[in-house]
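Trainee: Below is one structure. I have some questions about it.
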Amino acid sequence: NPWQLVFPLILIAIGLSIALDRTPRKKLSKAARDDITAILGGSDKKNTSEDYHGGRVTAILGGTKLDIRKAVIKKEATIEIFTLMGGVELVVPRDIIIRNQTSTILGGAEDKTEQEAGKDAPVLTIVGDIILGGVEIKN
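Below you can see the structure in the form of structure tokens.
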């Protein structure tokens, strides 16, 4: 039955995409960039950086919460998300523009924000993969 190969192939593809991630990254301070991982557990983090650039959030059979309401995004920031049967909650400021560019497979991404941003406001781009999990973006 070919359907028995689908789930293992998805897991192999995810593992390869993580292992072969060759995205060039600038050297940033830990306050300017978050790196949160929750595997079979939970994590809750607040960031108050004066020059926030983004970060990476991974939730595998667990949950994470990232609160960046007090962080200052000067121009743009990118948060990379990967969830596999997990959940991510992002709490963002009202004065930014949200661009949700995530890919979902049997999961969902919900934007519950009430934006009060002008067209010259900073941009927060959310990218990544959501597999059998969920992402909630709110104020």
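Just add 6 to the spot in the sequence shown (first one is 1) and you have the working numbering.
We put the CB at the ideal spot given by N, CA and C, even for glycine.
1. I'd like to know whether the C-beta atoms of V129 and E82 end up nearer to each other than 7 Å.
2. How should A19 be labelled, buried or exposed, when 16 other C-beta atoms within 10 angstroms of its C-beta is the threshold for buried?
3. In its own chain, which residues sit with a C-beta less than 8 Å from the C-beta of T108, not counting the 5 before and 5 after it?
4. Suppose contacts are defined by Cβ-Cβ distances below 7 Å. Is V63 in contact with I42 by that definition?
5. Under a three-way DSSP split, which group does V98 fall into?
6. Nearest to I104 by alpha carbon, out of L11, L90, G93 and A123?
7. To the nearest angstrom, report how far apart M91 and A65 are at their CA atoms.
8. Taking C-beta to C-beta, are A127 and I102 nearer than 7 Å?
Mentor: With the structure as the only source:
1. Working through the sequence shown from its first residue, we reach residue 129 at position 123. Working through the sequence shown from its first residue, we reach residue 82 at position 76. A contact, by the Cβ cut-off of 7 Å.
2. Residue 19 sits at position 13 when you count from the first residue of the sequence shown. Taking all protein chains in view, the Cβ of A19 is surrounded by fewer than 16 other Cβ atoms within 10 Å, so the residue is classified as exposed.
3. Counted from its first residue, the sequence shown places residue 108 at position 102. So the list reads I87, A115, I132, V133, G134, D135, I136 and V141, once near-sequence residues are dropped.
4. On the sequence shown, residue 63 is found 57 positions in, with the first residue counted as 1. On the sequence shown, residue 42 is found 36 positions in, with the first residue counted as 1. Inclusion of V63 and I42 in the CB contact set at 7 Å is warranted, their separation being smaller than that value.
5. Here residue 98 corresponds to residue number 92 of the sequence shown, with the count starting at 1. Of the three classes helix, strand and coil, the one that applies to V98 here is coil, per DSSP.
6. Counted from its first residue, the sequence shown places residue 104 at position 98. That would be A123, whose Cα lies nearest to the Cα of I104.
7. Counting from one through the sequence shown, the residue named residue 91 turns up at place 85. Counting from one through the sequence shown, the residue named residue 65 turns up at place 59. Note on geometry: alpha-carbon atoms of M91 and A65 lie some 8 Å from one another.
8. Taking the first residue of the sequence shown as 1, we reach residue 127 at position 121. Taking the first residue of the sequence shown as 1, we reach residue 102 at position 96. Their beta carbons are under 7 Å apart, which means A127 touches I102 by this criterion.
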